[in-house]
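To start, the structure under review is shown below, and the notes come after it.
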């Protein structure tokens, strides 16, 4: 309950009680009220401050001079900047007075005395609790998200490792060998000079079946035998044919195959992997005549380079030399034993060497 | 009315009494037992977990990942909290990859509240273990290193220890870059152990990726070729380096015996060494090119200068022979290189003089590290000319008496191949995506002298040369064979059965784009560089030239 002393009515009673104190014996006091000291009459200029003082001094000096009949120069006014600060101080004082009087305001009094603040307070408390619960839920959610992120990161790392393992060139070679593809021996890949007509003829003449036995013998075993022999393979590099398709298409292998069947030839072209590094482009198309003849076969085992001329291939015994290419590389065809390559045609991988004629 | 007031008063007193009890209890818990309860709360509800930083990957020059990190976990148990050890051990053992008895002994270990059951358990298995929800089983997050191409460049990549510290190879030398900064996570659990607050007190900073100059497919091929050499000649070890002589970039660096990087402890110590930088040997005839280079640069000889070559050359107390017995003859400098005449090399060296010979040996970088980014590089042993004995000039010019590393030889030959600029080899292309600057080179011989040398080295693979069988039709190859006796540790004399066969060559000889160095330590059955190492060079070049799109001539 608001004490009556701070209510307007109370103030009224308080003002009434502002009487001279009575003495303890019940007699009226003999203290005489002193009249309030009057401030000097304002003559001119702003109230208070140096300016006021200066004006008073000037007036006094002028009256004194008039009294003496002398002529005295009154110094000019020098400071008028104090006026705004005085106004600000006045406003501050009034604001302070308003704030002091605010608890006694009737509107506040009615509000505090009323019952509406009880549900307001209850709602606010419930809001605080709800907010706390919400924060806890949010924290839990963040925690789950962090854990999920960590799990996904872990899964991503595992997938990266799997991709890197699948992209192992030696594994791909083994898988390719399992499907009948053969890498020509280094010495079996010849480079010719860049005359288009003569080069193509010589390329055709140089076509020989690759040494599949030598290639297969050079392949590392798929299972680990003895790490010191160097003929062992890493774990997880089995020659499962079930995964060969995806491995060939995604691993960036330099091994591809064209076939007598047009559809397979197209598949071979699709195996030119986007993951293959620049400069290791693989020419794997069975040339234009290949599907029609049904006999074109190609082993583009020795990857070409996009920087050294465009590789091209042609089936059915016709070699296409790149226009302007300086050389032609001839990759002998896969052995007839390979099922996919049994069409009997010869595949030619053409590749410019860039040495002469450019 | 008075009765109601009295009841209200009693109720008020009762509430006041209860409130007093509560306040007293709260004061007791909050003041007297505050310390112990706070500790208990922190222990039971608040945990700080170190989140290991994911170690940066090591990739080849095209981004093929050679070393990556995977999440893993150490599995620990609190035997005090284990309720049914036998049943839990039976379920945990297959996931941990350990015998049930081993796991059971861990779960029942007395007088301890913490036992490691397994280290670096793969993430999928760790997840399965977590799903079992056994009391007292704790998973501590870790990161394990995985090498997807288990056998590729194992000695170059190196190994990582349990605490994610590189122990050898590039993992060691670039550990500070690869490792990253571990994070710290504060987890507040509720009464049933569910996390209600997870704060990253320190964010995890993953390690940076180190990209090598190595080309993964070429690396695989070189490893395969070396494996063939190993299978055929059963050497003690072998090393092959393929580099771009113009930039010093190492495109492949293989060692044999091969080591499975995922099981490094399964290989003997000598197999784990990166022989390219850590193995020193007497280079033998491959060193003659530098003797001739110095003599040409000093204008002591020309490629056509004729030397009389006796069948036996007496130098102090030594008698020098050529590899194959012959009579006295006269040969040009080019012929001396082509036929790899020991006596001819000595004659050229002695004409050059000991001081200038020593100058040129050091000028080509022997006796000092090349500066390649691989750790454990040896300097080799090269005497100062003031330390020469009377017979030193009888064996030093032909490659005996000095000790070099394969990387030194490759770097020095690269100077001949690129026109006379000695440039440090480099194997790290970029760190964190930023390319490292190509180290500057230092011209040591003129371009014309280098061209003359390359022209003379063509003869080695030409008919009549010591490596004529390594020639490839259509390829313009140049190189030098080397066959050097090893020191017998028992007698401290040159062994008559143990040799180092080597070959240094490049293609195309006129404008080399690729340099291949092959060193085979103690081959069995054949000993000559032309028979053991040159065929490996041939296979590597035959594969790499079309792959890299290099002109063969």
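Chains as they are written, first to last, in the numbering used here: chain A, 78 to 435; chain B, 769 to 1321.
The beta carbon of each residue, even a glycine, is placed where N, CA and C say it ideally should be.
These figures come from a predicted structure and were not determined experimentally.
field: the stretch 849-861 of chain B touching the stretch 875-893 of chain B, judged by at least three CB pairs closer than 8 Å
entry: Contact between the stretch 849-861 of chain B and the stretch 875-893 of chain B is present: three or more C-beta pairs spanning the two stretches fall below 8 Å.
message: Taking 8 Å as the threshold (C-beta atoms), are residue 1273 of chain B and residue 1288 of chain B in contact?
response: Residue numbering aside, residue 1288 of chain B sits at position 520 when the second chain is read from its first letter. Residue numbering aside, residue 1273 of chain B sits at position 505 when the second chain is read from its first letter. No, the pair does not count as a contact, with Cβ atoms beyond the cut-off.
Residue 963 of chain B, enclosing beta strand (DSSP E) - first and last residue: Here the question's residue 963 of chain B lines up with position 195 in the second chain. Judged by DSSP secondary structure, residue 963 of chain B falls within the beta strand (DSSP E) whose first and last residues are 963-970.
- request: Flag this pair as yes or no: are the beta carbons of residue 1111 of chain B and residue 1126 of chain B separated by less than 8 Å?
  value: Position 343 of the second chain, counted from the first residue, corresponds to residue 1111 of chain B. Position 358 of the second chain, counted from the first residue, corresponds to residue 1126 of chain B. Against a cut-off of 8 Å, the Cβ pair of residue 1126 of chain B and residue 1111 of chain B comes out as no contact.
task: Can you give me the start and stop residues for the alpha helix (DSSP H) that residue 1281 of chain B sits inside?
output: By 1-based counting over the second chain, the position of residue 1281 of chain B is 513. Segment: none, residue 1281 of chain B is in no alpha helix (DSSP H) and carries neither H nor E.
message: Between the stretch 1030-1041 of chain B and the stretch 1049-1067 of chain B, can you find at least three pairs of beta-carbon atoms closer than 8 Å?
response: The stretch 1030-1041 of chain B and the stretch 1049-1067 of chain B do not touch, with fewer than three beta-carbon pairs separated by less than 8 Å.
query: Helix, strand or coil: how does DSSP classify residue 1089 of chain B here?
result: The residue labelled residue 1089 of chain B in the question sits at position 321 within the second chain. Shown here, residue 1089 of chain B sits in a strand according to DSSP, grouped into three states.
query: Is there contact here, the stretch 938-947 of chain B with the stretch 1128-1144 of chain B, by at least three beta-carbon pairs under 8 Å?
result: Yes: the two stretches touch, three or more of their Cβ pairs being nearer than 8 Å.
message: Helix, strand or coil, according to DSSP, for residue 201 of chain A in the structure here?
response: As a first step, residue 201 of chain A is located in the first chain; it is residue number 124 there, counting from the start. Residue state, collapsed to three classes: helix.
- prompt: Measuring CB to CB, does residue 1167 of chain B end up less than 8 Å from residue 1054 of chain B?
  reply: Within the second chain, residue 1167 of chain B is the residue found at index 399, counting from 1. Within the second chain, residue 1054 of chain B is the residue found at index 286, counting from 1. Yes, they are a contact pair.
- prompt: Going along the stretch 1288-1310 of chain B in order, which residues come within less than 9 Å of chain A, judged by CB to CB distance?
  reply: The stretch 1288-1310 of chain B vs chain A, Cβ under 9 Å: 1306, 1307, 1308, 1309, 1310.
task: Check each candidate in B:809, B:1137, B:1224 and name the one with the smallest Cα separation from residue 961 of chain B.
output: Translated into the one-based positions of the second chain, residue 961 of chain B becomes position 193. Comparing alpha-carbon positions, the option among B:809, B:1137, B:1224 lying closest to residue 961 of chain B turns out to be B:809.
- prompt: Terminal residues of the continuous alpha helix (DSSP H) containing residue 1221 of chain B?
  reply: In the second chain, residue 1221 of chain B corresponds to position 453, counting from 1. Residue 1221 of chain B -> alpha helix (DSSP H) spans 1215-1229.
Pair within 8 Å by beta-carbon distance, residue 793 of chain B and residue 932 of chain B: In the second chain, residue 793 of chain B corresponds to position 25, counting from 1. In the second chain, residue 932 of chain B corresponds to position 164, counting from 1. Contact annotation: residue 793 of chain B and residue 932 of chain B have beta-carbon atoms that are not nearer than 8 Å.
query: Would residue 1140 of chain B pass as a contact of residue 1175 of chain B if the rule is Cβ separation under 8 Å?
result: Position 372 of the second chain holds residue 1140 of chain B. Position 407 of the second chain holds residue 1175 of chain B. For the 8 Å CB-CB criterion, residue 1140 of chain B and residue 1175 of chain B form a contact.
query: Any C-beta of chain A sitting closer than 8 Å to the C-beta of residue 1013 of chain B?
result: Position 245 of the second chain, counted from the first residue, corresponds to residue 1013 of chain B. Output row for residue 1013 of chain B: interface = no.
task: Measuring alpha carbon to alpha carbon, tell me which of B:1000, B:1015, B:1020 ends up nearest residue 1007 of chain B.
output: To locate residue 1007 of chain B, count along the second chain from 1; it is residue 239. Put simply, of B:1000, B:1015, B:1020 the residue whose alpha carbon is nearest the alpha carbon of residue 1007 of chain B is B:1020.
- request: List the residues of chain A whose Cβ lies closer than 9 Å to the Cβ of residue 988 of chain B, in chain order.
  value: Residue mapping note: residue 988 of chain B aligns to position 220 of the second chain, counting from 1. Going along chain A in sequence order, the residues near residue 988 of chain B (Cβ under 9 Å) are 245, 246, 247, 250.
query: Out of B:881, B:907, B:798, B:1164, which has the shortest C-alpha to C-alpha gap to residue 893 of chain B?
result: Indexing the second chain from 1 puts residue 893 of chain B at position 125. Among B:881, B:907, B:798, B:1164, the Cα nearest to that of residue 893 of chain B is on B:907.
Extent of the continuous beta strand (DSSP E) run through residue 1022 of chain B: Residue mapping note: residue 1022 of chain B aligns to position 254 of the second chain, counting from 1. Unbroken beta strand (DSSP E) run through residue 1022 of chain B: 1018-1024.
message: Within 8 Å of any Cβ in chain B, is that where the Cβ of residue 98 of chain A sits?
response: Walking along the first chain from the start, residue 98 of chain A turns up at place 21. At residue 98 of chain A the pLDDT is 46, less than 50, meaning the model places this residue with poor confidence; the figure from the coordinates comes in the next sentence. In terms of beta-carbon proximity, residue 98 of chain A stays away from the interface with chain B, with every pair separated by 8 Å or more.
- prompt: Taking just the CA atoms, how far does residue 183 of chain A sit from residue 176 of chain A?
  reply: Reading the first chain from its first residue, position 99 is the one you call residue 176 of chain A. Reading the first chain from its first residue, position 106 is the one you call residue 183 of chain A. Each residue's Cα considered, the two are about 14 Å apart.
message: Could you check whether the stretch 907-924 of chain B touches the stretch 975-989 of chain B, counting it as contact only if at least three pairs of C-beta atoms, one from each stretch, sit closer than 8 Å?
response: Taking a cut-off of 8 Å on C-beta distances, the stretch 907-924 of chain B touches the stretch 975-989 of chain B, as three or more cross pairs fall below it.
- prompt: Where does the unbroken beta strand (DSSP E) through residue 1011 of chain B begin, and where does it stop?
  reply: The count along the second chain starts at 1 and reaches residue 1011 of chain B at position 243. Per DSSP, the continuous beta strand (DSSP E) segment holding residue 1011 of chain B begins and ends at 1005-1011.
query: Taking just the CA atoms, how far does residue 1252 of chain B sit from residue 1291 of chain B?
result: In the second chain, the residue the question calls residue 1291 of chain B occupies position 523. In the second chain, the residue the question calls residue 1252 of chain B occupies position 484. Distance between the alpha carbons of residue 1291 of chain B and residue 1252 of chain B is about 11 Å.
- prompt: If we count the other Cβ atoms within 10 Å of its Cβ and call it buried at 16 or more, is residue 881 of chain B buried or exposed?
  reply: To locate residue 881 of chain B, count along the second chain from 1; it is residue 113. The residue in question, residue 881 of chain B, is exposed, as its Cβ has fewer than 16 Cβ neighbours within 10 Å.
Cβ neighbours of residue 1106 of chain B in the same chain (closer than 8 Å, five flanking residues each side left out): By 1-based counting over the second chain, the position of residue 1106 of chain B is 338. Only 1224, 1227, 1228, 1230, 1232, 1233, 1234 meet the Cβ criterion.
task: Compare the C-beta of residue 1100 of chain B against all C-beta atoms of chain A and say whether one is closer than 8 Å.
output: Within the second chain, residue 1100 of chain B is the residue found at index 332, counting from 1. For residue 1100 of chain B, the answer is no, since every Cβ of chain A falls outside 8 Å of its Cβ.
field: Cβ neighbour criterion (16 or more within 10 Å) applied to residue 1102 of chain B
entry: Along the second chain, one-based indexing puts residue 1102 of chain B at 334. By the 10 Å Cβ count, residue 1102 of chain B comes out buried.
query: Rounded to a whole number of angstroms, what is the C-alpha to C-alpha distance between residue 294 of chain A and residue 1026 of chain B?
result: For the purposes of this step, residue 294 of chain A is identified with residue 217 of the first chain, where counting begins at 1. For the purposes of this step, residue 1026 of chain B is identified with residue 258 of the second chain, where counting begins at 1. Roughly 18 Å between the two C-alpha positions.
query: What span of residues does the alpha helix (DSSP H) with residue 183 of chain A cover, start to end?
result: Counting from 1 along the first chain, the entry for residue 183 of chain A is found at position 106. Boundaries of the alpha helix (DSSP H) around residue 183 of chain A: 183-190.
task: Could you work out which residues of chain A lie near residue 891 of chain B, taking near to mean beta carbons separated by less than 7 Å?
output: As a position in the second chain, residue 891 of chain B is number 123, starting the count at 1. The contacting residues are 231, 235.
- prompt: So, is the C-beta of residue 213 of chain A closer than 8 Å to a C-beta in chain B?
  reply: Locating residue 213 of chain A in the first chain gives position 136, counting from the first residue. It does; some Cβ of chain B falls within 8 Å.
- request: Can you have a look at residue 248 of chain A and say buried or exposed, based on whether 16 or more other CB atoms are within 10 angstroms of its CB?
  value: Counted from its first residue, the first chain places residue 248 of chain A at position 171. It is buried - the Cβ of residue 248 of chain A has at least 16 other Cβ atoms within 10 Å.
message: Rounded to whole angstroms, what is the Cα-Cα separation between residue 165 of chain A and residue 188 of chain A?
response: Within the first chain, numbered from 1, the residue matching residue 165 of chain A stands at position 88. Within the first chain, numbered from 1, the residue matching residue 188 of chain A stands at position 111. Taking the straight line from one Cα to the other gives about 32 Å.
task: Could you tell me the distance, in whole angstroms, from the CA atom of residue 925 of chain B to the CA atom of residue 1277 of chain B?
output: Residue numbering aside, residue 925 of chain B sits at position 157 when the second chain is read from its first letter. Residue numbering aside, residue 1277 of chain B sits at position 509 when the second chain is read from its first letter. Their Cα atoms are separated by approximately 31 Å.
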